[in-house]
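Numbering-wise (UniProt numbering), the sequence shown opens with residue 1 and increments by one. Glycine residues also receive a C-beta, built at the ideal position from the N, C-alpha and C atoms. The block underneath contains the structure these notes are about, expressed in structure tokens.
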Amino acid sequence: MSFLQNKKILVTGADGFIGSHLVEFLITQGYQVKAFCFYNSFNSWGWLDSLDKENLQRIEIFMGDVRDPNGVREAMKDCQIVFHLAALIAIPFSYHSPDSYIDTNVKGTLNILQTARDLNIERLLITSTSEVYGTAQYVPIDEKHPKQPQSPYSASKIGADAIADSFYRSFNLPVTIVRPFNTFGPRQSARAFIPTIITQLLSGKTEIKLGDVTPTRDLLFVKDTVRAFEAIANCNELIGHEVNIATNSEISIQEVADLLIQKINPKAKIVTDKNRIRPEKSEVFRLFGDNTKLNNLTGWEPKTNFTQAIIQTIEWFSNRENLSHYKSDIYNV
Numbered sequence: 001m002s003f004l005q006n007k008k009i010l011v012t013g014a015d016g017f018i019g020s021h022l023v024e025f026l027i028t029q030g031y032q033v034k035a036f037c038f039y040n041s042f043n044s045w046g047w048l049d050s051l052d053k054e055n056l057q058r059i060e061i062f063m064g065d066v067r068d069p070n071g072v073r074e075a076m077k078d079c080q081i082v083f084h085l086a087a088l089i090a091i092p093f094s095y096h097s098p099d100s101y102i103d104t105n106v107k108g109t110l111n112i113l114q115t116a117r118d119l120n121i122e123r124l125l126i127t128s129t130s131e132v133y134g135t136a137q138y139v140p141i142d143e144k145h146p147k148q149p150q151s152p153y154s155a156s157k158i159g160a161d162a163i164a165d166s167f168y169r170s171f172n173l174p175v176t177i178v179r180p181f182n183t184f185g186p187r188q189s190a191r192a193f194i195p196t197i198i199t200q201l202l203s204g205k206t207e208i209k210l211g212d213v214t215p216t217r218d219l220l221f222v223k224d225t226v227r228a229f230e231a232i233a234n235c236n237e238l239i240g241h242e243v244n245i246a247t248n249s250e251i252s253i254q255e256v257a258d259l260l261i262q263k264i265n266p267k268a269k270i271v272t273d274k275n276r277i278r279p280e281k282s283e284v285f286r287l288f289g290d291n292t293k294l295n296n297l298t299g300w301e302p303k304t305n306f307t308q309a310i311i312q313t314i315e316w317f318s319n320r321e322n323l324s325h326y327k328s329d330i331y332n333v
């Protein structure tokens, strides 16, 4: 029996890309879920609004802001398990608005940790990112790889991870730092390169604007990512640990772009947009993750073939209603 059964699970960042998939997955597994969504005057629940009504009716929605400790306490007070995914994630936006990244990613995580300690939360997963490793010094990148803050975004996540680790060591809080590599799939933000390419192709463009196409990434399908979250939450041996979710592989942005062009419009070509190129010392040129710890302790491994995952992603974006959420003419930082 899953440790999560008969527990109330809070998912912060539930309105976002990975968060909405995690909520949907947990609901289909029969778990009791409360979704913490970012408060807005439109009463929008983000990507949760796209779930079918039957699943949506099974979710308890809480509107708030992780930067506010009182709202965090209100959201967590009747929960036993917390998956903390709420964060600002866009790297270019962090170049000119670093304060907001400290407020949301560092202070927001601190609010979650302090409340979890006060309320004796039974299990807390803090979501990190492979960006904390920076350009690989060796591959595959395991959890002992040095941290390199190559952007204000990655620095904020390194800070959040360090605070989470300190709460485990200082207060024995049952924390695990979960580190997904480059997750992709339906609902992903246009600031990521796969949706950027797909939305430009589907809108009929034949010149696809991209930045540097030489970096490599360890690409992880979102359905595999959320399965890993469940596996980690059920594994007591991972309390107090950092753990990668990765595929033990790498592929260049150029190779992915070529595949997408081949499947959508073979006549299209890539053109370099200088606005999309990161400063050289900030660009992460190689990410190739090691999932040995996760596999050894939980048995998790990616199940979705990469080409099939790409096809599923294209199919989702090909739906006009889904595509209407994206502005392919605008560079989304």
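Name the DSSP beta bridge partners of residue i, please?
i           : result
residue 410 : Because the chain here runs from 1 to 333, residue 410 falls outside it and cannot be looked at.
Val271      : Lys209
Ile81       : Ile9 and Arg123
Thr183      : Leu220
Val243      : Val178
Ile102      : Bridge partners of Ile102: none, in fact.
Arg276      : Answer is none; Arg276 lacks a bridge partner.
Ile141      : Gly289
Phe251      : For the record, residue 251 in the displayed sequence is Ile; it is not Phe. According to DSSP, which records beta bridges pairwise, Ile251 is partnered with Arg217.
Using only the alpha-carbon positions, how far apart do residue i and residue j sit?
i           : j      : result
Arg179      : Glu242 : 7 Å
Asn70       : Phe62  : 13 Å
Phe36       : Lys281 : 35 Å
Asn6        : Gln29  : 12 Å
Arg73       : Ile270 : 48 Å
Gln193      : Asn182 : It is worth fixing the name first, because residue 193 is Phe in this sequence and not Gln. For Phe193 and Asn182, the distance between alpha carbons rounds to 10 Å.
Ile81       : Glu321 : 34 Å
Thr115      : Tyr95  : 30 Å
Ile27       : Asn244 : 24 Å
Asp212      : Pro266 : 20 Å
residue 348 : Asn332 : What the structure shows of the chain is the stretch from 1 to 333, and residue 348 is not part of that stretch, so it cannot be assessed.
Met76       : Thr12  : 10 Å
Thr127      : Thr199 : 27 Å
Ile59       : Ser189 : 23 Å
Asn55       : Ser20  : 12 Å
Pro140      : Asn248 : 7 Å
Lys293      : Ala231 : 12 Å
Gly299      : Val256 : 28 Å
Asn319      : Phe184 : 17 Å
Gln254      : Val222 : 21 Å
Asp165      : Ile177 : 8 Å
Lys53       : Asp224 : 24 Å
Ser2        : Asn236 : 12 Å
Pro252      : Gly46  : The displayed chain sequence assigns Ser, not Pro, to residue 252. Near 30 Å, if we compare the C-alpha coordinates of Gly46 and Ser252.
Asn296      : Ile197 : 35 Å
Arg191      : Asp273 : 14 Å
Leu4        : Gln32  : 9 Å
Lys144      : Tyr138 : 11 Å
Hey, could you find the ends of the beta strand (DSSP E) residue i is sitting in?
i      : result
Lys8   : Lys8 to Thr12
Phe221 : Leu219 to Phe221
Could you check whether residue j and residue i sit closer than 8 Å to each other, using their CB atoms as the reference points?
i           : j      : result
Pro92       : Arg123 : no
Phe288      : Thr216 : yes
residue 351 : Pro149 : One cannot answer for residue 351 here, as it falls past the ends of the chain, which runs 1 to 333.
Ala246      : Leu220 : yes
Ala90       : Val66  : no
Gly134      : Val23  : no
Phe83       : Phe229 : yes
Gly240      : Tyr168 : yes
Ile314      : Ile264 : yes
Leu48       : Asp15  : yes
Ser328      : Asp218 : no
Tyr101      : Leu113 : no
Arg278      : Ala136 : no
Phe25       : Val226 : yes
Asp142      : Asp290 : yes
My guess is that residue i and residue j are in contact by the Cβ rule of under 8 Å, so how many angstroms apart are they, rounded?
i      : j      : result
Pro186 : Pro152 : Not quite, the Cβ-Cβ distance comes to about 28 Å (not below 8 Å), so this is no contact.
Ile9   : Lys34  : 7 Å
Leu201 : Leu260 : 6 Å
Ala233 : Leu323 : At roughly 33 Å, the Cβ-Cβ gap does not stay under 8 Å, so Ala233 and Leu323 are not in contact.
Val106 : Ser41  : Incorrect: roughly 26 Å between the Cβ atoms, too far for contact.
Thr206 : Ala268 : 5 Å
Val132 : Asp161 : 7 Å
Starting from residue i, follow the alpha helix (DSSP H) in both directions and report where the run begins and ends.
i      : result
Ile177 : Run containing Ile177: none in the alpha helix (DSSP H); it sits in the beta strand (DSSP E), Val175 to Pro180.
Asn322 : Arg320 to Leu323
Pro69  : Pro69 to Met76
Tyr95  : Ile91 to His96
Asn55  : Lys53 to Leu56
Asp161 : Pro152 to Phe171
Gln200 : Phe193 to Leu202
Thr304 : Here Thr304 belongs to no alpha helix (DSSP H), and DSSP marks it neither H nor E.
Ser20  : Phe17 to Thr28
Given 7 Å as the limit, tell me if residue i has its C-beta closer than that to any heavy atom belonging to the ligand MN.
i     : result
Gly46 : Although the ligand MN was asked about, the structure shown includes no ligands whatsoever.
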